[in-house]
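Take a look at the structure below.
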Amino acid sequence: MNTNVQPITASAVDTALDNACKILHCNLSDFTDKFQDSNSQNNFYPQTDNVEWTTGFCTGEYWLAYEHTADEAFRTAALSQVDSFLKRIEKKIDVNHHDMGFLYTPSCVAAYKLTGSETAKKAALLAADNLIARFQVKGQFLQAWGELGAPDNYRLIIDCLLNLPLLYWATEITGDKTYSEIARAHTKTSLANLVRDDNSTYHTYFFNPETGVPMRGATQQGYRDGSAWARGQAWGVYGLALSYRYTKTPDCLELFDRVIGFFIDRLPEDLVSYWDLDFKDGDGEPKDSSAAAIAACGMLEMAKYLSDEKASYYTDIARRIAASLASCYAVTDIHLSNALLLHGVYAKNSPYTPIPKDRGVDEANTWGDYFYMELLTRLSKDWKIYW
Ligand code: GLY
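Sequential numbering of the sequence shown, starting at 5, is according to the numbering used here.
In structure tokens:
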């Protein structure tokens with residue numbers, strides 16, 4: 005790691021959180037009944053209904069803002085969105101995929117933990133039921149997308165590690181071990197197949213639908229099948245930390261060091277990676293600021309379970325990433341953007357992947373905003389985790 009970026013100070017964390025909360029407060033009128041689209045257009049989020057995999061992040065930001073400011077306006081808006089999440093899962097609106105954790109953890113599990121809302125609890129448990137219905141016995145994994153059992157979609161994806169805390173929470177709330185057993189089985193399959201010998205990760209992995217035998221790794225949003233999509237590697241980092249939190253499996257500790265090591269070794273000078281870890285300074289490719297925020301949250305989570313020496317090594321890097329994000333990527337003027345964190349990539353076209361898919365390139369995205377705020381919150385206090 006070659007950088008001049010210094011670790012963020014406590015007062016800079018506080019200022020950055022204050023700025024974020026000011027922007028979110030201005031957003032309340034546009035984004036309470038409506039949600040933010042997944043990514044900005046020219047740095048401004050359009051409104052959307054409660055669809056796709058990303059709307060829970062807006063609600064999660066309101067909960068983090070409520071924790072920071074104690075402003076009831078954030079609590080009221082977040083609870084109103086919780087009602088929308090209950091309706092969404094009851095009516096099964098756009099929930100035919102695995103991203104129940106991304107949707108229901110920062111919104112409804114957070115609401116339940118912070119307020120005891122029974123509506124939130126009901127919604128999150130229904131979402132957990134919806135997620136476990138995607139478990140494939142042949143292969144032992146949660147199928148990410150598409151029609152269940154379809155050969156062209158018989159695969160898991162690394163992002164799903166962040167959907168699993170919803171299942172551990174559901175077991176804790178109901179006493180039914182089915183949820184956590186499925187989470188453990190999916191984790192085992194993911195870790196056995198997604199991490200390559202050189203410590204980079206596959207984005208997705210296909211299985212044989214007849215036998216469950218692992219077939220091949222592939223990318224959906226990375227530059228090429230054999231590269232490390234930056235956000236995928238970051239989901240791996242945070243996913244391993246969360247998996248260790250809930251399972252205490254020693255494999256997670258070893259794999260964490262390997263996967264974060266690969267990520268750190270490829271950080272550019274300002275510590276915010278390019279959208280795929282194939283790229284470095286001078287290649288002319290866009291950054292994905294969200295990957296930096298996610299990986300830094302993962303380092304701070306795993307630091308809780310490590311020796312003092314390792315914990316301070318990872319905490320120091322997370323503080324440097326936070327400094328870079330707060331000083332060079334965060335929005336400070338609401339007139340320039342209604343987002344919190346600029347310069348992310350949702351998906352970028354590549355000569356090696358079949359689908360033309362440029363979307364949200366060098367734009368803000370809602371998960372980047374959320375994990376940036378979570379990172380600052382983690383640095384500001386002993387945060388009680390939503391995941
Ligand atoms: N989970 C989808 C993404 O990271 O774009």
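Ideal Cβ placement from N, Cα and C applies to all residues, glycine included.
The beta strand (DSSP E) enclosing residue i, as first and last residue numbers
i: L400; result: The displayed coordinates of the chain run from 5 to 391. Any statement about residue 400 would go beyond what the structure contains.
i: E65; result: No beta strand (DSSP E) holds E65; the alpha helix (DSSP H) holding it covers G60 to T73.
Enclosing alpha helix (DSSP H) for residue i [first to last residue]
i: P254; result: P254 to D269
i: E151; result: That residue, E151, is in no alpha helix (DSSP H); it is neither H nor E in DSSP.
i: T119; result: A114 to T119
i: T80; result: E76 to E94
i: Y108; result: M104 to Y108
Pick from the options that is closest to residue i, judged by C-alpha positions
i: F106; options: L21, L244, D163 and Q85; result: D163
i: D133; options: L345, R324, K96 and S15; result: K96
i: D103; options: P213, W371, K361 and A300; result: W371
i: R79; options: K117, E56 and E94; result: K117
i: M219; options: D202, Q225, L198 and S204; result: L198
i: R452; options: K125, A124 and A154; result: The chain is shown only over 5 to 391; residue 452 falls outside these bounds and no answer can be derived.
i: H72; options: S384, D34, G364 and L165; result: S384
i: L129; options: Y108, V141, T119 and L346; result: Y108
i: G302; options: E122, I321 and L32; result: I321
i: A124; options: C112, W391 and G216; result: C112
i: A69; options: N31, N203 and V99; result: N31
i: L135; options: G226, L165 and T36; result: L165
i: L259; options: T223, R200, A131 and G179; result: R200
Reduced DSSP secondary structure (H/G/I, E/B, other) of residue i
i: G230; result: coil
i: Q460; result: This structure gives no information on residue 460, because the portion of the chain shown stretches from 5 to 391.
i: E367; result: strand
i: F35; result: coil
i: G143; result: coil
i: L345; result: strand
i: M219; result: strand
i: A137; result: coil
i: D373; result: helix
i: K357; result: Per the sequence shown, the amino acid found at residue 357 is Thr instead of Lys. The answer is coil: DSSP assigns T357 none of H, G, I, E or B.
i: T208; result: strand
i: Q10; result: coil
i: Q225; result: coil
i: Y242; result: helix
i: Y390; result: coil
Worksheet item: What are the start and end residues of each continuous alpha helix (DSSP H) run of 4 or more residues lying completely inside the region 283–338, in chain order?
Response: 293–307 and 312–332
Practice prompt. Determine contact between the region 375–390 and the region 10–24, defined as no fewer than three beta-carbon pairs at a distance below 8 Å.
Written response: Per the Cβ contact rule, the region 375–390 is in contact with the region 10–24 (3 or more Cβ pairs under 8 Å).
Discussion item. Assess contact between the region 231–239 and the region 274–286, defined as three or more Cβ pairs (one per stretch) separated by less than 8 Å. Is contact present?
Written reply: With three or more CB-CB distances shorter than 8 Å, the region 231–239 counts as touching the region 274–286.
Worksheet item: Using 8 Å as the Cβ pair cut-off and three pairs as the minimum, do the region 81–98 and the region 144–161 touch?
Response: By the Cβ criterion, the region 81–98 is not in contact with the region 144–161, since fewer than three pairs of Cβ atoms, one from each stretch, lie closer than 8 Å.
Worksheet item: Between the region 241–252 and the region 261–271, do three or more beta carbon pairs fall short of 8 Å?
Response: Yes, the region 241–252 is in contact with the region 261–271.
Worksheet item: Would you call the region 6–16 and the region 58–68 in contact, with 3 or more CB pairs under 8 Å?
Response: no
Discussion item. Ignoring anything shorter than 3 residues, give me the beta strand (DSSP E) runs that lie fully in the region 158–201, in order along the chain.
Written reply: 159–161
Worksheet item: Does the pairing of the region 339–354 with the region 308–318 give three or more beta-carbon distances under 8 Å?
Response: no
Item to complete: Would you check if there are 3 or more beta carbon pairs closer than 8 Å linking the region 326–338 to the region 351–365?
Response: no
Worksheet item: How about the region 362–370 and the region 35–47: do they share at least three Cβ pairs that are nearer than 8 Å?
Response: Contact annotation: the region 362–370 touches the region 35–47, with at least three C-beta pairs closer than 8 Å.
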